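Counted the way this note's numbering counts, the sequence shown spans residues -16 to 265.
Positions of the beta carbon are idealized from the N, C-alpha and C atoms, including for glycine.
Computed from a predicted structure; not experimentally measured.
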Amino acid sequence: MRNSEVEYWDYVALEAKNYEKLMRLEKWKRVARNWLAHYADKRTKDFVLNVVDKLVKLDDSAKVLDVGCGPGKWLKILAERSGLVTAIDISPKMVFLAEERVMMERLTNVTFYVMDVSRLGFPDKTYDFVNCITVLQHVFDDNHWKRAIHEIVRVTKPNGYILLFETAPNFTIKKRTPHVAIRTMRRYEKEFRDAGASLVYWRSVDLSLPVTFFGLRGYAASFNKKVYFFFSEKNLLWTAAFLSFLSQAACFLARFIDYKLAETPLGFLSFGRILLFRKLKE
């Protein structure tokens, strides 16, 4: 476990805990009225739930490992669909936040460990399902990344599933996400195959990211006080209304792109991908 990584994720945990920022986020959600501000999060949950419910099909006997649990975003979903959930994170403060969340949601079948994904302290063939959402993309060192994959496969039962959501290579993504190590789907597929798991399903995510991004900017501008007063003085309130309309149009367009076009060949232009692997029988 590298101290720099632990310090970074501890810092992120403190940011997530910051009350003032949380209130700003809640205010933004109210202003956005469930349009683009909620769209990206809802879309990801829809796609992940579709995989978990229709392909993985967990039940009360299932043992689940949530790798890089962070503040516990996925724990309620996993705990309600399985018998036992083990959540790990490299950051002690992230684990603390997740524990608080589990207590608030009154989940009784979740246990926590501070642990590095490349050194999992669990026996072979322990888990029926491993949830690993936007985790491996933060592992920059290739050797560490490979060890992490082999460890994940090692603790998965034969015929068990491993779910990933990773940033995909794109012509603009490297410039906008310097904190993420971007690797091709082919590299993930090869490394998991070498570790003993095969790719059984994938779909693109964030194909609509440019539309969503510009729609959010337009919507935010329409509610910006400085912009509002400028438009008021110039008698251009219709411009603010038009910006708001554009954001709604962007949301509808983004939904069509992500839900209808993402599983076509255009999916290779996406900014993220969901990958589902299955461990081979021995």
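Query: Minimum Cβ-Cβ distance from D111 to chain B less than 7 Å; Result: Looking at the structure shown, chain B is missing, and only one protein chain is on hand.
Query: Contained beta strand (DSSP E) runs [length at least 3] in the stretch 47 to 130, N- to C-terminal order; Result: 67 to 72, 93 to 97, 110 to 116
Query: Cβ-based neighbour list, T94, same chain, cut-off 6 Å, excluding 5 preceding and 5 following; Result: T69
Query: E174 beta carbon less than 7 Å from that of L182; Result: no
Query: Sheet register partners of T139 (DSSP bridge); Result: Y110
Query: Nearest-angstrom Cα separation, counted from P141 out to K108; Result: 7 Å
Query: Simplified DSSP state of T167, which is helix, strand or coil; Result: coil
Query: Cα-Cα separation, V50 to K264; Result: 23 Å
Query: L147, DSSP secondary structure in three states; Result: strand
Query: Backbone secondary structure at A178 - three-state DSSP; Result: helix
Query: Within 7 Å, strictly: CB atoms of S65 and L41; Result: yes
Query: For L38, the three-state DSSP class (helix, strand or coil); Result: helix
Query: CA-to-CA distance, T139 to D125, given in whole angstroms; Result: 21 Å
Query: Beta-carbon contacts of E3 that lie in its chain and below 8 Å, excluding the five residues immediately before and after; Result: Low per-residue confidence applies at E3: pLDDT is 47, beneath 50, and the placement is therefore not dependable, though the value from the model is reported in the following sentence. The answer is none, since no qualifying residue turns up.
Query: Close Cβ partners of A62 (< 6 Å) along its chain, the five nearest in sequence each way excluded; Result: V68, L90, N92, V93
Query: Range of the contiguous beta strand (DSSP E) that encloses L263; Result: Here L263 belongs to no beta strand (DSSP E), and DSSP marks it neither H nor E.
Query: Under the three-state DSSP convention, the category I132 falls into; Result: helix
Query: Same chain only: Cβ atoms within 7 Å of V118, ignoring 5 sequence neighbours per side; Result: V50, G51, V100
Query: Identity of the residues DSSP links to V188 by a beta bridge; Result: G255
Query: Nearest-angstrom Cα separation, counted from L38 out to L259; Result: 9 Å
Query: H133 versus K56 - alpha carbon distance; Result: 25 Å
Query: N33 versus E(-12), W185, A45, residue with shortest Cα-Cα distance; Result: W185
Query: Backbone CA spacing between M87 and E(-12) [nearest angstrom]; Result: 28 Å
Query: Alpha-carbon to alpha-carbon, Y96 and V31; Result: 24 Å
Query: C-beta atoms of C115 and L80 nearer than 7 Å; Result: no
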